[in-house]
Amino acid sequence: MSFEVHVLASGSDGNCTAVCSDDITILIDAGLSGKQLTGLIKSAGIDPKQINALLLTHEHVDHVRGAGVLSRRYGIPICCNPSTLAASEIGEIESKILFNTLEEFNIGHLKIKPLPINHHAVDPNAFFISTEKNKFLLATDLGKVNNDVFESLGAADFAVIEANHDLRMLDNGPYPIMLKRLIRSERGHLSNIDCAHALWASGYGDKKVFLAHLSKNNNIPDLAIHTVSSLLGCRDDKVDCLRTPGDTRTITL
Numbered sequence: 072m073s074f075e076v077h078v079l080a081s082g083s084d085g086n087c088t089a090v091c092s093d094d095i096t097i098l099i100d101a102g103l104s105g106k107q108l109t110g111l112i113k114s115a116g117i118d119p120k121q122i123n124a125l126l127l128t129h130e131h132v133d134h135v136r137g138a139g140v141l142s143r144r145y146g147i148p149i150c151c152n153p154s155t156l157a158a159s160e161i162g163e164i165e166s167k168i169l170f171n172t173l174e175e176f177n178i179g180h181l182k183i184k185p186l187p188i189n190h191h192a193v194d195p196n197a198f199f200i201s202t203e204k205n206k207f208l209l210a211t212d213l214g215k216v217n218n219d220v221f222e223s224l225g226a227a228d229f230a231v232i233e234a235n236h237d238l239r240m241l242d243n244g245p246y247p248i249m250l251k252r253l254i255r256s257e258r259g260h261l262s263n264i265d266c267a268h269a270l271w272a273s274g275y276g277d278k279k280v281f282l283a284h285l286s287k288n289n290n291i292p293d294l295a296i297h298t299v300s301s302l303l304g305c306r307d308d309k310v311d312c313l314r315t316p317g318d319t320r321t322i323t324l
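Numbered per this note's numbering, the sequence shown spans residues 72 to 324.
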């Protein structure tokens, strides 16, 4: 059974990840324009009309900007919890799949468990996605790594996890003090150091990890990779992330 993760966009400008397993394809978030997303999806060799569902982690615009457009244009069901749907400004949609946080559901043979996360949104989720052979976690926009995410991180074969900011860059950067406090709070974003600590403490071990949602103002890809790999005690090539606008990555499990 094949299992591919396509990281198509990640960061404050927009987020989108595709998961493909045999004949099932799902998107997680759609935070760019419909035109941009269509181009990225096709560049990954995916037919947008064959996408089975579009999962939303939460309602912030960098995660839902193109969701309504893609749903209406290609007939893709929007899949999220009721609170996220109500808070998302995506327009009218014809097809939806509603779930409750922590209640596992299926899209084809993919088992999907939405996990609660700490973030300044109405009911935000991470997603733990599994098949008979593979276990994958996508967890971004984390103010902290709670018990549900921590346990799933330890169980995952592969994780896309947030490493949003370097603490020194954030403290010395241009953001207003209130925004800095929000980012560092338990409803904000995960730092490079906190990401590394969660990976180490969960027993994620020497499996490959993909760092996501890096801040373009408060982080640098090489810095994030080096910080996480150093604290984990692994080689830098065990850790990866998107490096430039338009960069994408495909990971085969």
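C-beta: ideal position from N, C-alpha, C; glycine also.
Since we're looking at a predicted model, the values are computed, not measured.
| Alpha carbon of V132 to alpha carbon of I178, nearest angstrom | 25 Å
| task | Tell me whether G116 is buried or exposed, calling it buried when 16 or more other Cβ atoms sit within 10 Å of its Cβ. | result | exposed
| Rounded distance between the beta-carbons of H260 and L213, thought under 8 Å | 7 Å
| task | Name, in chain order, the residues that DSSP records as bridge partners for A197. | result | L186
| field | Pairwise C-alpha distance: R255 and P245 | value | 15 Å
| said: Quick check on the DSSP output: what are the complete beta strand (DSSP E) runs of length 3 or more inside the region 213-259, in order along the chain? | reply: 229-233
| task | Would you give the residue range spanned by the alpha helix (DSSP H) that S154 belongs to? | result | P153 to A158
| said: Please tell me whether K206 and F221 are closer than 9 Å, where the distance is taken between their beta carbons. | reply: no
| request: Report buried or exposed for R325, applying the criterion of at least 16 other Cβ atoms within 10 angstroms of its Cβ. | output: No statement about residue 325 is possible, as the shown extent of the chain runs from 72 to 324 and does not include it.
| query | Of the choices L186, V140 and L241, whose alpha-carbon is the least far from that of N290? | reply | L241
| query | Can you give, in chain order, each stretch of the alpha helix (DSSP H) that sits fully within the region 251-301 and has at least 4 residues? | reply | 263-272
| Nearest residue (CA-CA) to L103, options T88, I97, L270 and D93 | T88
| request: Give the C-beta separation of T172 and P185 to the nearest angstrom, bearing in mind that I take them to be a contact with Cβ-Cβ under 8 Å. | output: 5 Å
| task | Give the secondary structure of I147 by DSSP, where H, G and I count as helix, E and B as strand, and everything else as coil. | result | coil
| said: Here's the rule: buried if 16 or more other CB atoms are within 10 angstroms of the residue's CB, otherwise exposed. What is T211? | reply: buried
| message | With three or more C-beta pairs closer than 8 Å as the rule, is the region 90-104 touching the region 122-138? | response | yes
| Just reading off the alpha helix (DSSP H) that D133 is part of, what are its end residues? | V132 to V135
| task | Under 6 Å Cβ to Cβ from L294, same chain only, skipping five residues before and after it: list those, please. | result | D237
| Terminal residues of the beta strand (DSSP E) in which H88 lies | The residue asked about is misnamed: residue 88 is Thr in this sequence, not His. Looking at the DSSP string, the run of the beta strand (DSSP E) that includes T88 is C87 to S92.
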